[in-house]
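So the structure is just underneath, and the comments pick up after that.
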Amino acid sequence: MQANLGLLVRGLLLLAFVTTTASLTPPVLEKRPKNVPFGKVPGENRGKQPMEPVIYLEDPYYYVRDDNRSNTEILDHLKAENAYTKAALSHLDSLQDELYKELLSHVQETDQKVPYPHGDFVYYSGTEEGKAYRIHYRKPRHDDGAEEILLDVNKLAEGHAHCGVGKVEVSPDHKFLAYSVDFTGYETYDIYIKWGRDAETLFYVTQDAAQRSHKVWSHLVGAPQSDDTTLFTEDDEIFSADVFKTSSGRFLVIPTSSKETSEVRVLDLHDPQSSLAIVAPRVQGVQYTVEHWQNELLISTNLDGDVNFKLMSVPLHVVLDKQKVAHNSQWTSVFAYDPTVKVASVISFESFFVLSGRQGGLTQRWICGKDTNNSTWHKTRLPMPEAIYSLGTAKNAEYATTKYRYTYSSLTTPEQTVEYDFISNKTVILKETPVPHYDREQVEATASDGTTIPISVVYRKDKKKPEGQPQALHLYGYEAAKYLTKITTFTDFIACAEHLVATKVTSPSHMTCEGRSAGGLLVGAVLNLRPDLFTAAVAGVPFVDVMNTMSDATIPLTTGEWAEWGNPNELKYFDYMLQYSPFSYMCRVQVAKLRDLKTDNNQVLLKMDLEAGHFSASDRYHYNKEKAVVLSFLLDQLKYHLKC
1 MQANLGLLVR GLLLLAFVTT TASLTPPVLE KRPKNVPFGK VPGENRGKQP MEPVIYLEDP
61 YYYVRDDNRS NTEILDHLKA ENAYTKAALS HLDSLQDELY KELLSHVQET DQKVPYPHGD
121 FVYYSGTEEG KAYRIHYRKP RHDDGAEEIL LDVNKLAEGH AHCGVGKVEV SPDHKFLAYS
181 VDFTGYETYD IYIKWGRDAE TLFYVTQDAA QRSHKVWSHL VGAPQSDDTT LFTEDDEIFS
241 ADVFKTSSGR FLVIPTSSKE TSEVRVLDLH DPQSSLAIVA PRVQGVQYTV EHWQNELLIS
301 TNLDGDVNFK LMSVPLHVVL DKQKVAHNSQ WTSVFAYDPT VKVASVISFE SFFVLSGRQG
361 GLTQRWICGK DTNNSTWHKT RLPMPEAIYS LGTAKNAEYA TTKYRYTYSS LTTPEQTVEY
421 DFISNKTVIL KETPVPHYDR EQVEATASDG TTIPISVVYR KDKKKPEGQP QALHLYGYEA
481 AKYLTKITTF TDFIACAEHL VATKVTSPSH MTCEGRSAGG LLVGAVLNLR PDLFTAAVAG
541 VPFVDVMNTM SDATIPLTTG EWAEWGNPNE LKYFDYMLQY SPFSYMCRVQ VAKLRDLKTD
601 NNQVLLKMDL EAGHFSASDR YHYNKEKAVV LSFLLDQLKY HLKC
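Under UniProt numbering, read the sequence shown as residues 1 to 644, first letter to last.
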């Protein structure tokens, strides 16, 4: 079936299939066919069981790869594509300006996050009108002392097209600041540090050539970096290492994990003679994370095949016993496994801890602890004011406190910062931005295998129609769709779209879909399967060249992803992945291939932000301008403009 379809790719890449009458000539990408090998190739890492003999797939655009953004031929072509797209969308310039102004009108340009207490100070960050980036501050906690600027990202960004600040951390004695920054958009940060018990010792992680975090170091402030000590090295290329401290500050934690298996080591920072202790050796398929609370380690794990995870514990002395190696057989249950509850993480405080997870498809928080006789565990779920909502994390820098902060939002409630008091058992909203006139509801679609799929719907009350209204469809979640079941992702999404059409909420001519990164793969695959269901689509930095990308171990992070997608160098994965891989070689090649193969009169456009990274522009004003382009495209495809 041939359909008039619009597809838009956001972020680093922008792709559009748009019907137009404009007589423009698109750039042409030269074909240079290459037979790409899948299977065992001498001298290359192709996984543990690569197939023999090798299978070749021809790719005429394999050469269009520029990891360092330095190939002038490719860059010139991309600039030509951008110029072509700009000309094709020139009739939307005024609409884009209107949309940008509208987006900006909903942004409090001068704003401040809720200050969080930490030692003798309160720390916070804020934005100022006209400035693209955040500024980090602190001021004395108990008096009216002057505000102090710790880090002005606007100054840090000077001379850089991209400036993505990752983490900002203050040393335990409040004398030093550590931050990580990415100036390229590649998500490779200049530094990644966690503080030790004092401000004299730093712990950090370095990456190998494939950008896999694999080595944990200890650095003494004031000493040359050549004297740094290697605490741990992860040699398995499927695993990546990390480093952080428990909420109590007592333990340094070094987790190492693949997509399906994990192993954790801890170092007692209160004991100068301590050494790294393994919480439990890695077992294929067993995942776990740890948090310290009182005399125990709390462990979130899928042990015993409990796929939704459960909370367990192990006494500290068992893990720290230097005469024995701890094992997961020594763990005991905190709360019995409940298959209707997804256990995600734990954050601890001196007198209680908070369990985060999901139930009924919604994020939840449980306040937990032990009875006064210290023998019986208990938990209480925090109630929420709306039926459909989402919870997030807020900064909780202090361990010896009775208050816990989190964020709350819903489809109709912008993010709030909320504080729960363990003593009074009450919550208070610390910051909110109300938005009137919107309502939401939840409906359910049925997948081809009978699984119920929840769909959250939000709409303007005064604009809702009995049927056939414009609808933007997004998807998240994939646990039951990995490896040799990945196609379930696409059929589930199609089931949701079909349900919305069948119930007359919308129609194909009024419906768009959106996905980003792996969600871009979803968009590409779904449009191949059912292009008749949508009139436009947005795909951000889409992961659509699954075959070539996942076969090449030299591409950063690929080997770790084998544990989620499968390795196309193995025959069983090769055949299956080939069924759904939308294109051969990244978004910029999709355009060339689509133009070459399409039989309709739709126009194909490519728009790439050459200065941004995977998560779009770091400059908040530039980000909104790019968003205005996306919205103008969708409104134009829906023939609504600003009338709706």
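Each residue gets a CB set at the ideal place from its N, CA and C atoms; glycine is no exception.
Just so we're clear, the structure is a prediction, and the values are computed from it rather than from any experiment.
By Cβ distance, which residues of its chain are closer than 7 Å to residue 437, with the 5 residues on each side in sequence left out? Taking the first residue of the sequence shown as position 1, residue 437 is located at position 437. Cβ neighbours of residue 437 beyond the five flanking positions: 460, 461, 462.
Assuming residue 331 is part of the beta strand (DSSP E), what are its boundary residues? On the sequence shown, residue 331 is found 331 positions in, with the first residue counted as 1. For residue 331, no beta strand (DSSP E) encloses it, and the DSSP letter there is neither H nor E.
In its own chain, which residues sit with a C-beta less than 7 Å from the C-beta of residue 216, not counting the 5 before and 5 after it? In the sequence shown, the residue the question calls residue 216 occupies position 216. Exclusion of the five residues before and after residue 216 leaves 203, 205, 231, 232, 241, 243, 254 as the residues of its chain whose Cβ lies within less than 7 Å of its Cβ.
Quick check: the region 386 to 396 against the region 334 to 343, are at least 3 beta-carbon pairs closer than 8 Å? No, they do not touch.
What runs of the alpha helix (DSSP H), each 4 residues or longer, lie entirely inside the UniProt domain "Peptidase S9A N-terminal" (57 to 194)? Listed in chain order, the complete alpha helix (DSSP H) runs (minimum 4 residues) inside the UniProt domain "Peptidase S9A N-terminal" (57 to 194) are 72 to 88, 93 to 105, 153 to 156.
By DSSP's criteria, residue 513 is part of a beta bridge. Which residues make up the other side? Counting from 1 along the sequence shown, the entry for residue 513 is found at position 513. Paired residue(s): 473, 537.
Evaluate residue 535 with the Cβ neighbour count: other Cβ atoms within 10 Å of its Cβ, from every protein chain shown; 16 or more gives buried, anything less gives exposed. Counting from one through the sequence shown, the residue named residue 535 turns up at place 535. Classification of residue 535: buried, given that the 10 Å Cβ count is 16 or more.
Is it buried or exposed for residue 214, if we count other Cβ within 10 angstroms and need 16 for buried? Here the question's residue 214 lines up with position 214 in the sequence shown. The residue in question, residue 214, is buried, as its Cβ has 16 or more Cβ neighbours within 10 Å.
Residue 551 burial status per 10 Å Cβ neighbour count (16 or more: buried): As a first step, residue 551 must be located in the sequence shown, where it is residue number 551. Within a 10 Å sphere around the beta-carbon of residue 551 sit 16 or more other beta-carbons, which makes this residue buried.
Residues near residue 142 in its chain [Cβ-Cβ closer than 8 Å; skip 5 each side]: Residue 142 sits at position 142 when you count from the first residue of the sequence shown. Here the set comprises 120.
Under the three-state DSSP convention, the category residue 548 falls into: For the purposes of this step, residue 548 is taken as the residue at position 548 of the sequence shown. Judged by DSSP in its simplified three-state form, residue 548 adopts helix.
Taking the beta carbon of residue 134 as the centre, do at least 16 other beta carbons fall within 10 Å, making it buried, or is it exposed? Within the sequence shown, numbered from 1, the residue matching residue 134 stands at position 134. Under this definition residue 134 is a buried residue.
Does residue 297 come out as helix, strand or coil in the three-state DSSP assignment? Position 297 of the sequence shown, counting from 1, holds the residue named residue 297. Residue state, collapsed to three classes: strand.
Are residue 508 and residue 524 closer than 8 Å when you measure CB to CB? Taking the sequence shown and counting its residues from 1, the one referred to as residue 508 is at position 508. Taking the sequence shown and counting its residues from 1, the one referred to as residue 524 is at position 524. With respect to the 8 Å criterion, residue 508 and residue 524 are not classified as neighbours on the basis of their beta carbons.
Residue 355: buried (16+ other C-beta within 10 angstroms of its C-beta) or exposed? Here residue 355 corresponds to residue number 355 of the sequence shown, with the count starting at 1. A residue is called buried once 16 or more other Cβ atoms fall within 10 Å of its Cβ, and residue 355 is buried on that count.
Could you round the C-beta distance between residue 454 and residue 521 to whole angstroms and report it? I think they count as a contact, below 8 Å. Working through the sequence shown from its first residue, we reach residue 454 at position 454. Working through the sequence shown from its first residue, we reach residue 521 at position 521. That belief does not hold up - the Cβ atoms of residue 454 and residue 521 are roughly 22 Å apart, past 8 Å.
Mind checking whether residue 630 and residue 544 have CB atoms under 8 Å apart? Here residue 630 refers to the residue found at position 630 of the sequence shown. Here residue 544 refers to the residue found at position 544 of the sequence shown. Against a cut-off of 8 Å, the Cβ pair of residue 544 and residue 630 comes out as no contact.
Alpha carbon to alpha carbon, what distance is there between residue 628 and residue 97? Your numbering for residue 97 matches position 97 in the sequence shown. Your numbering for residue 628 matches position 628 in the sequence shown. One C-alpha to the other measures close to 8 Å.
Spell out the partners DSSP gives residue 255 in its beta bridges. Position 255 of the sequence shown, counted from the first residue, corresponds to residue 255. Among the bridge pairs identified by DSSP, residue 255 is matched with 264.
Look at the Cβ atom of residue 560, then the Cβ atom of residue 238, and state whether they are nearer than 8 Å. Walking along the sequence shown from the start, residue 560 turns up at place 560. Walking along the sequence shown from the start, residue 238 turns up at place 238. Yes, Cβ-Cβ distance for residue 560 and residue 238 is below 8 Å.
On the criterion of 16 or more Cβ atoms from any shown chain inside 10 Å, does residue 49 qualify as buried, or is it exposed? Here residue 49 corresponds to residue number 49 of the sequence shown, with the count starting at 1. If you draw a 10 Å sphere on the C-beta of residue 49, you find fewer than 16 other C-beta atoms in it, and that means exposed.
Buried versus exposed call for residue 618 [16 or more other C-beta atoms within 10 Å across all chains shown]: Numbered from 1 along the sequence shown, position 618 holds the residue referred to as residue 618. Answer is buried; the Cβ neighbour count reaches 16.
CB-CB length for residue 638 against residue 470, believed under 8 Å: Here residue 638 refers to the residue found at position 638 of the sequence shown. Here residue 470 refers to the residue found at position 470 of the sequence shown. Their Cβ separation, rounded to whole angstroms, is 5 Å, which keeps residue 638 and residue 470 in contact under 8 Å.
What residue range does the alpha helix (DSSP H) around residue 378 cover? Start at 1 with the first residue of the sequence shown, and residue 378 comes out as number 378. Where residue 378 is concerned, there is no enclosing alpha helix (DSSP H), although the beta strand (DSSP E) it sits in stretches over 377 to 381.
Please classify residue 512 as buried or exposed, where buried requires at least 16 neighbouring CB atoms within 10 angstroms. In the sequence shown, counting from the first residue as 1, residue 512 sits at position 512. Buried is the call here.
Limits of the unbroken alpha helix (DSSP H) element including residue 487: To locate residue 487, count along the sequence shown from 1; it is residue 487. Per DSSP, residue 487 belongs to the alpha helix (DSSP H) from 487 to 502.
Rounding to the nearest angstrom, what Cα-Cα distance links residue 207 and residue 225 in this structure? Numbered from 1 along the sequence shown, position 207 holds the residue referred to as residue 207. Numbered from 1 along the sequence shown, position 225 holds the residue referred to as residue 225. Between residue 207 and residue 225, the alpha-carbon positions lie close to 16 Å from each other.
Is it the case that the region 322 to 330 contacts the region 350 to 364, given that we only count it when at least three CB pairs across the two stretches are under 8 Å? Taking a cut-off of 8 Å on C-beta distances, the region 350 to 364 does not touch the region 322 to 330, as fewer than three cross pairs fall below it.
Taking all protein chains shown into account, do 16 or more other C-beta atoms lie within 10 angstroms of the C-beta of residue 268, making it buried, or fewer, making it exposed? Here the question's residue 268 lines up with position 268 in the sequence shown. Residue burial is scored here from C-beta neighbours: residue 268 has at least 16 other C-beta atoms within 10 angstroms and is therefore classed as buried.
Note down, in chain order, each residue of its chain lying with its Cβ closer than 7 Å to the Cβ of residue 82, except the 5 sequence neighbours on either side. In the sequence shown, residue 82 corresponds to position 82, counting from 1. The beta carbon of residue 82 is closer than 7 Å to those of 607, 608 in its chain, skipping five residues each way along the sequence.
Measure from the alpha carbon of residue 340 to the alpha carbon of each residue in 458, 498, 360, then state which is nearest. Here residue 340 refers to the residue found at position 340 of the sequence shown. The shortest Cα separation from residue 340 among 458, 498, 360 belongs to 360.
Residues in the same chain with beta-carbon distance under 7 Å from residue 77, minus the five sequence neighbours each way, listed in chain order, please. Start at 1 with the first residue of the sequence shown, and residue 77 comes out as number 77. Around residue 77, the same chain offers 27, 29 as residues with beta carbons nearer than 7 Å, after the five sequence neighbours per side are excluded.
Same chain only: Cβ atoms within 7 Å of residue 295, ignoring 5 sequence neighbours per side: In the sequence shown, the residue the question calls residue 295 occupies position 295. Around residue 295: 315, 316.
Can you give me the start and stop residues for the beta strand (DSSP E) that residue 280 sits inside? Within the sequence shown, residue 280 is the residue found at index 280, counting from 1. 277 to 280 is the span of the beta strand (DSSP E), which, as asked, contains residue 280.
Output the distance between the C-alpha atoms of residue 290 and residue 187, rounded to the nearest integer angstrom. Here residue 290 refers to the residue found at position 290 when the sequence shown is read from its first residue. Here residue 187 refers to the residue found at position 187 when the sequence shown is read from its first residue. Whole-angstrom Cα-Cα distance: 26 Å.
Count the CB pairs spanning the region 420 to 433 and the region 149 to 161 that are closer than 8 Å, and state whether there are at least three. Not touching, per the Cβ criterion.
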